[in-house]
Each structure stands twice: as structure tokens, then as C-alpha cells.
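In the working numbering, the protein residues as written are 1 to 449.
These notes concern the structure reproduced below.
Written out as C-alpha cells, the structure reads:
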């Protein structure tokens with residue numbers, strides 16, 4: 001084994017290569033990479049210690065109403081270590097009893113990329129979720145980002161290859177630092193399931209990857225993820241667009257990428273240049289990830305806390321108004337307004353919630369691009385205010401004197417308002433896991449449960 005001192009335009013720095021090694025590597029089993037890359041493997045394995053997560057619906061019950069009618073209203077937790085990716089998607093109420101789309105596996109395992117290569121994207125997506133459960137033996141690992149048996153970076157998923165081409169940043173022409181970020185961007189990116197293509201994953205960057213560009217794409221093709229059961233609005237869901245936000249950030253302009261902050265290289269010693277594969281918060285790695293540009297950890301932590309506080313404050317205002325807008329629209333229709341009469345307001349609700357979601361479903365928006373997050377929330381506030389003003393006129397004309405807004409002070413109350421029987425859903429899922437999953441699916445699908 002020898003080290004090759006390959007330095008990209010950014011700070012990705014030193015990478016480990018093989019010299020004269022012919023050992024075969026199973027591209028889906030991270031364990032089989034251990035002999036060639038012991039330091040990287042051991043740190044990757046430690047992502048299993050990052051097991052804490054937060055019930056976001058309990059912390060922010062308004063989410064239940066805003067995502068009402070979609071599976072996200074049933075269960076939504078904050079993310080945790082890569083080792084739990086397969087297990088968490090298996091056990092969440094969102095995948096119910098396995099009858100959902102196989103595309104839900106797309107970013108959870110190198111086995112998904114393997115099956116796409118074998119069956120094609122559409123062939124893979126044509127299955128139900130449960131039909132591929134027995135194939136998911138490995139959580140996110142080596143083969144998701146590297147060529148088999150090599151440290152060479154790759155985009156293992158065809159939908160991500162296509163997406164980078166759409167924004168004229170094909171993987172093979174990028175700097176080493178950008179390639180590192182693109183491997184993360186395979187999954188830390190927004191997407192939708194393309195209905196005319198077996199519900200396969202598609203990254204909607206035809207016009208670009210800003211919130212406006214993606215909204216234009218969705219509106220042009222008349223796409224919606226679900227119809228909101230309260231307002232009847234045709235909704236679209238943003239899904240953790242970290243790559244999009246980062247790509248317009250000051251860090252990106254300086255060619256500082258995901259790997260530099262979340263997987264910094266050891267600066268010296270025997271392991272110099274080996275990147276830390278225990279992917280976690282950049283502040284946890286301040287002495288290696290941040291200190292080249294930031295002298296004070298306290299100052300950075302304070303700035304991040306202030307950005308998060310500003311985003312959270314504005315987010316809470318927008319969330320409250322969006323909930324009210326959905327019920328305003330319901331009251332107008334209950335009072336006699338037909339769909340055409342409320343259609344303009346419903347489109348404003350769709351657009352406002354899209355921007356709110358694009359800002360706040362992005363993990364770490366306060367660190368990645370707080371300026372864009374705040375701008376999106378400002379626009380969402382403008383749009384939801386307009387929607388409510390339109391609906392107020394309609395309600396007044398219909399002589400509807402008041403609107404009944406439910407008590408959503410807790411997750412349970414919010415789910416009750418939407419007539420979600422969480423106890424029944426939980427019991428159904430428990431029986432399914434005990435009879436179908438735990439006895440028959442790989443251990444990775446129940447890690448941590």
C-alpha cells in the first residue's frame with residue numbers, strides 16, 4: 001500500500017491509493033474494503049455511534065398539518081449516522097407495510113445502485129418497496145462513493161449522473177473537491193418520483209437547481225406529489241436540498257466542499273491525508289475542518305447559532321400562516337366557493353409552502369447558506385400572506401364569519417385533526433416488521449431497533 005499525494009483545487013487534499021494490490025472488493029459490502037482501507041473503514045463503522053435523532057413532528061406539530069395527506073405526516077425524524085440508513089427507511093411509518101415504491105431504497109444502500117445497474121432504473125423502480133428488502137444487506141458505505149477496489153470517486157447512481165449533466169457540471173470534468181461534493185450530492189439533494197417512468201427517482205434540474213427553477217419545472221409539467229386533504233391544494237415536497245444550497249454558498253465559491261467540512265483529512269502523522277469517514281457536523285471537526293480559515297471556534301459557533309435562530313423565528317411565522325391558509329381555503333370551499341374561485345389562492349399556498357420546505361427541509365441550512373434560506377422564507381411569507389388576503393375576500397363575499405383552526409399544540413392533536421390514527425398505524429407496522437422483515441431481511445434493515 002502506498003500514498004499518492006493528489007491535491008485538488010480545494011482542500012480535499014491527500015487521498016489513499018493502492019499499489020500493486022489485486023484483491024477483489026465486493027462493491028456492496030463495506031466490510032470487504034477493510035483490509036485495504038482499515039483507517040477509513042474503522043471511522044465509517046463509527047457512524048453507528050451517531051444514533052441520536054429527534055422526532056420532528058413532536059418538536060414542530062405544524063409539520064403534521066403542512067404535510068397532511070403525505071406519508072411525512074405519519075413520521076419524520078432528524079437524520080443520524082449512515083449506518084442506520086437502511087434500517088430507518090425500513091422501520092419508518094412512511095414505508096407502511098412495504099407496499100410503497102422501491103425507489104425509496106435509492107439512496108439508502110449500495111445494493112440499490114447495484115440493482116439499478118443490473119435491472120435499469122425503471123426495472124428497479126417498478127418493484128414495490130418490500131420486494132427488494134431482502135437485497136438491502138449494506139447501509140450507505142464505500143461503494144456508494146468509490147469505484148470498486150479503489151479510492152477513485154464515482155457517482156454510483158444514474159439519476160445523479162444525469163442531474164450533474166443538466167446543470168452543466170458533468171462529474172468527470174470537475175475538480176477533485178467538486179467531485180467529492182457531487183458524491184454527497186447523489187443523495188443530499190431534492191428529487192421526486194417520476195410517475196411516467198415507473199416512479200423512478202428524478203432530480204428536477206431541467207431549468208436549474210434553484211427553488212424558482214425547480215418550481216418552474218413542476219408547474220410547467222403540472223406535477224404534484226399529493227393533494228392536501230384540508231385545502232385541496234396540489235402540493236410538492238422538497239427533500240433535503242443540501243447540495244443545491246451549498247452550491248450557491250460562499251464556501252462553494254471558495255471551492256470548499258462537503259468533504260472538507262464533514263470528512264476532513266488528518267493534517268499530519270502516519271495517517272496524514274486520510275479522510276475521516278465518520279461523517280458528522282463540521283464543528284465536531286473544527287481543529288481540522290475550519291481552523292485554516294476561522295480562528296475562533298466560539299465565534300463560528302455563535303454565528304451559526306444566530307443564523308439558526310433567525311431562520312427558526314421566520315420559519316415559525318411562515319408555518320403558522322400556512323396552516324391557517326389551508327384552513328381558510330377549506331372554509332371558503334365549505335362555504336360554497338368552487339375550485340376555480342379558490343384556485344389562485346391554492347397556487348399561492350403551493351408556491352409558499354414549496355419555498356418554506358425548500359429552505360427548512362435542508363439539513364444545516366443555517367450553515368450551508370443562511371442568506372438563501374432567509375430569502376426563501378421572505379418570499380414564502382409574501383406568498384402565503386397574498387393567499388390569505390385572496391381567501392379573506394372570498395370568505396367575506398360568502399359571509400363566512402369565522403374560520404375554525406384546530407388545536408395543533410402537540411403532535412397527537414395535530415394528527416387527530418387530520419384523522420390520523422397513529423396507534424393503529426404503529427400496530428400495523430409492528431406486526432409487519434415482526435412477521436415479514438426481522439425474520440427474513442438482512443440485519444442491516446433492523447440495525448438499532
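Ideal Cβ positions, reconstructed from N, Cα and C, are used throughout, including at glycine.
In this text, all values refer to a predicted model and were calculated from it rather than measured experimentally.
Asked, Found
"Helix, strand or coil at residue 22 [DSSP, three-state]", "Any reading at residue 22 must be qualified, since the residue scores a pLDDT of 40, below 50, and its modelled position is unreliable; the value itself is stated next. Looking at residue 22 - three-state DSSP - the assignment turns out to be coil, as it is neither helix nor strand."
"Spatial distance of residue 450 from residue 233 (CA atoms)", "Because the chain here runs from 1 to 449, residue 450 falls outside it and cannot be looked at."
"Rounded Cβ spacing between residue 137 and residue 111 (contact assumed at less than 8 Å)", "6 Å"
"Stretch pair the stretch 322-337 + the stretch 222-231: three plus CB contacts closer than 8 Å", "yes"
"Alpha helix (DSSP H) segments (min. 4 residues) lying fully within the stretch 283-347", "286-289 and 297-334"
"Contacts around residue 451, its chain only, beta-carbon distance under 6 Å, and the 5 residues preceding and following it disregarded", "Residue 451 lies beyond the residue range present for the chain, which begins at 1 and ends at 449; the question has no answer from this structure."
"CB contact flag (residue 280, residue 425, <8 Å)", "no"
"Cβ pair count under 8 Å reaching 3, the stretch 160-178 against the stretch 244-264", "yes"
"Whether residue 119 touches residue 160 by CB criterion (8 Å)", "no"
"Between the CA atoms of residue 79 and residue 203 - distance to the nearest angstrom", "21 Å"
"8 Å Cβ cutoff met for residue 197 and residue 368", "no"
"Residue 370, buried or exposed, once every other Cβ within 10 Å from all chains shown has been counted against 16", "buried"
"Closer than 7 Å: residue 360 CB and nearest the ligand FMN heavy atom", "You won't find the ligand FMN in this model; it holds no ligand whatsoever."
"CB contact flag (residue 384, residue 328, <8 Å)", "no"
"Under 8 Å between C-beta atoms of residue 130 and residue 143", "no"
"Residues that residue 101 bridges to, as DSSP identifies them", "128"
"Same chain only: Cβ atoms within 7 Å of residue 394, ignoring 5 sequence neighbours per side", "332, 337, 341 and 342"
"Proximity to residue 345 [Cα-Cα], best of 388, 320 and 81", "388"
"Buried/exposed call for residue 23, threshold 16 Cβ in 10 Å", "Bear in mind that the predicted position of residue 23 carries a pLDDT of just 49, short of 50, making it unreliable; the figure below should be weighed with that in mind. Label assigned to residue 23: exposed."
"Residue 58 beta carbon less than 8 Å from that of residue 323", "no"
"Nearest candidate by alpha-carbon position, reference residue 149, set 42, 48 and 32", "32"
"Distance between residue 410 and residue 55 (C-alpha atoms, nearest Å)", "12 Å"
"Bounding residues of the alpha helix (DSSP H) (the contiguous stretch that carries residue 396)", "370-397"
"Pick from 365, 372, 265 and 70 that is closest to residue 224, judged by C-alpha positions", "70"
"Nearest-angstrom Cα separation, counted from residue 170 out to residue 106", "21 Å"
"Alpha helix (DSSP H) runs wholly inside the stretch 31-86, at least 4 long, in chain order", "38-45, 56-59 and 62-66"
"Neighbourhood of residue 94 by C-beta distance below 7 Å, restricted to the same chain and skipping five residues each side", "71, 72, 74 and 75"
"Residue range of the unbroken beta strand (DSSP E) whose run includes residue 200", "200-202"
"Residue 275 - DSSP class collapsed to helix/strand/coil", "strand"
"Cβ pair residue 28, residue 437 closer than 8 Å", "no"
"As assigned by DSSP and simplified to three states, the class of residue 159", "helix"
"Close Cβ partners of residue 147 (< 6 Å) along its chain, the five nearest in sequence each way excluded", "154"
"DSSP bridge partner residues for residue 265 (one or two, in chain order)", "275"
"CA nearest to the CA of residue 214, picked from 128, 244, 227 and 226", "244"
"Nearest neighbour of residue 377, chosen from 433, 365, 363 and 314 [CA to CA]", "314"
"Proximity below 8 Å, CB of residue 44 to CB of residue 277", "yes"
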